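Single-structure report; data block below.
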Amino acid sequence: MDKIEGSVLRSPADVRGFADFDGPLYYVPTGFIDRADDPQTLPLAGGRRGFSALEIIRRLDDGGAQSMILPLLALEGWVQNCGRVDEINAVLDRLTGNRRAFANQDMESTHVMGIVNVTPDSFSDGGDHDSAQKAIAHGRALAASGASILDIGGESTRPGAAPVSIDEEIARVVPVIEALSADGHCVSVDTRHGAVMKAAMQAGARIINDVTALEGDEESLEFVSQSDDIPVILMHMQGEPGTMQDNPNYDCAVLDVYDYLLDRIESCERAGISRDRICVDPGIGFGKSLSHNLELLSRLSIFHGLGCPLLLGASRKSFIGKIDPDATPKQRLGGSLTAALNGWRQGAQILRVHDVDETVQALSVASAIGAV
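Here it is as structure tokens:
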């Protein structure tokens with residue numbers, strides 16, 4: 001069972017079962033309001049949006065989970081009844097606290113990260129920018145369209161992708177990173193290999209974006225931990241790119257991914273990487289079925305409880321094709337924008353996308369509507 005069975009319970013009497021539960025609870029901000037200064041809301045991750053309720057989730061002994069929704073106005077009474085005062089205070093601190101700048105990017109608002117794949121075999125745009133000159137031109141165009149971060153990748157991690165050599169990956173990304181960073185753009189490198197990370201940072205990259213959350217290569221965690229200031233994006237992936245979509249399985253996808261990312265954050269902290277250098281990504285499409293992806297998207301705000309900036313990468317992903325089988329990857333713009341706006345609504349600080357111009361426009365319109 002991988003779905004959460006939810007029930008809306010609003011009074012202290014109704015929530016007594018959750019109050020008596022002595023296991024771990026998970027907290028999902030919901031009831032979003034466009035203005036965080038509304039007196040019935042709390043600010044979401046220090047941003048301009050607020051939330052007015054918490055969905056509280058507990059695991060079930062036989063797998064899966066159960067949830068209830070509690071308005072913030074009823075939270076104090078419930079907390080006193082269940083004896084979790086310190087826990088709730090810590091949770092609310094993480095859910096509402098300001099996020100420090102990430103690679104000098106202000107996390108109070110949503111940033112668009114433009115994808116630059118210097119690969120012949122990426123799932124959506126493989127071969128489109130497979131030379132340094134094409135990739136540099138594409139990166140500059142994305143920045144001109146409003147991307148505040150450019151994510152450069154030299155190895156496809158699509159389902160079934162074949163690995164490339166370290167030397168080949170370095171040869172693909174370094175010239176692109178050198179040129180775009182020399183332009184003054186904030187550049188991240190999308191890699192799971194320590195040697196590529198080192199070469200990319202020397203070439204001017206400011207961020208490491210690792211689909212293995214610094215687990216895929218022993219050198220990667222050591223390299224990042226030895227630096228005082230390299231920011232890193234930790235992503236969840238079940239399995240390896242070649243086989244990750246064969247049979248993804250979870251007790252409860254949202255909670256399992258949350259627990260994994262919390263474990264990786266704590267491992268990084270033990271290695272000397274402070275939490276304010278970490279951004280988290282639930283890894284849409286990486287070892288997940290359609291239902292897993294939709295579950296994560298619907299409760300994306302849970303990851304603010306980790307106290308880190310949140311990245312969403314749903315652009316052109318196969319879950320959109322599962323919903324609309326006739327759409328090729330490049331025909332998934334509508335679904336990509338819907339997912340991006342869902343991420344914005346739930347406070348994601350970074351949206352990793354192919355279609356920068358359209359995403360920036362969608363965010364501008366959504367923000368303008370919310371400001372009225």
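Throughout the sequence shown, residue numbering follows full-length UniProt numbering, covering 1 to 372 in sequence. Cβ coordinates follow ideal geometry from the N, Cα and C atoms, glycine included. Fair warning: this is a prediction, and the values are worked out from it, not measured in the lab.
Residue i by DSSP, collapsed to three states: which one?
| i | result |
| --- | --- |
| D22 | coil |
| I170 | helix |
| G238 | A small fix is needed here, since residue 238 is Gln in this sequence, not Gly. Coil at Q238, not helix or strand. |
| V232 | strand |
| H354 | coil |
| F123 | Low confidence applies to F123: its pLDDT is 49, below 50, so where it sits in the model is not reliable enough to give any reading. |
| G31 | strand |
| P248 | coil |
| V360 | helix |
| D86 | helix |
| R275 | helix |
| V91 | helix |
| P163 | coil |
| K288 | coil |
| V176 | helix |
| H304 | helix |
| S181 | helix |
| S315 | coil |
| E215 | coil |
| A327 | coil |
| T243 | coil |
With C-beta atoms as the reference, is residue i less than 7 Å away from residue j?
| i | j | result |
| --- | --- | --- |
| R192 | D210 | yes |
| R172 | V85 | no |
| R100 | D276 | yes |
| G97 | A147 | no |
| Y250 | D259 | no |
| G370 | D34 | yes |
| V224 | I273 | yes |
| V116 | G139 | yes |
| H185 | A141 | no |
| residue 405 | L150 | In the structure as shown, the chain starts at 1 and stops at 372, and residue 405 therefore has no counterpart that could be examined. |
| E295 | A253 | yes |
| A103 | R264 | no |
| F18 | G31 | no |
| K288 | P248 | yes |
| I69 | A53 | yes |
Which partner residues of residue i appear in the DSSP bridge assignment?
| i | result |
| --- | --- |
| P43 | G50 |
| V280 | L234 and L310 |
| N117 | G153 |
| F102 | Q105 |
| V365 | DSSP lists no partner for V365. |
| R111 | Here residue 111 is His; the residue named in the question, Arg, does not match the sequence. According to DSSP, which records beta bridges pairwise, H111 is partnered with I350. |
| E55 | V28 and I69 |
Work out the CA separation of residue j and residue i for me, nearest whole Å.
| i | j | result |
| --- | --- | --- |
| E240 | G77 | 45 Å |
| G307 | L234 | 13 Å |
| K330 | Q226 | 40 Å |
| L42 | G160 | 43 Å |
| L95 | Q133 | 42 Å |
| G335 | H354 | 12 Å |
| G305 | V28 | 8 Å |
| F123 | A327 | Residue confidence for F123 is low, a pLDDT of 49 falling below 50, so the modelled location carries little weight and cannot support an answer. |
| G343 | G283 | 13 Å |
| E222 | A271 | 8 Å |
| D357 | E155 | 25 Å |
| M237 | T157 | 10 Å |
| F303 | L312 | 11 Å |
| L333 | S315 | 8 Å |
| L337 | N293 | 16 Å |
| A162 | G242 | 7 Å |
| K317 | L290 | 10 Å |
| P71 | V189 | 41 Å |
| D61 | I278 | 32 Å |
| V365 | A340 | 13 Å |
| A65 | V91 | 19 Å |
| Q361 | E215 | 36 Å |
| M107 | V232 | 15 Å |
| residue 406 | T212 | Since the first residue of the chain shown is 1 and the last is 372, residue 406 is not available in this structure. |
| residue 397 | P120 | The shown model of the chain, from 1 to 372, leaves out residue 397, and the question about it has no answer. |
| I177 | I56 | 43 Å |
What are the start and end residues of the beta strand (DSSP E) that includes residue i?
| i | result |
| --- | --- |
| S67 | A65 to P71 |
| S188 | V187 to D190 |
| N209 | I207 to D210 |
For the alpha helix (DSSP H) holding residue i, just list the boundary residues, first then last.
| i | result |
| --- | --- |
| C82 | L75 to C82 |
| G347 | From DSSP, G347 is part of no alpha helix (DSSP H); its letter is neither H nor E. |
| S322 | The sequence shown places Lys at residue 322, not Ser. Residues S318 to I323. |
| E266 | A253 to R270 |
| L142 | A132 to S145 |
| F223 | E218 to S225 |
| V196 | G194 to A203 |
Chain C beta carbons: is any one of them nearer than 7 Å to that of residue i?
| i | result |
| --- | --- |
| D326 | This model lacks chain C altogether, as it is built from one protein chain only. |
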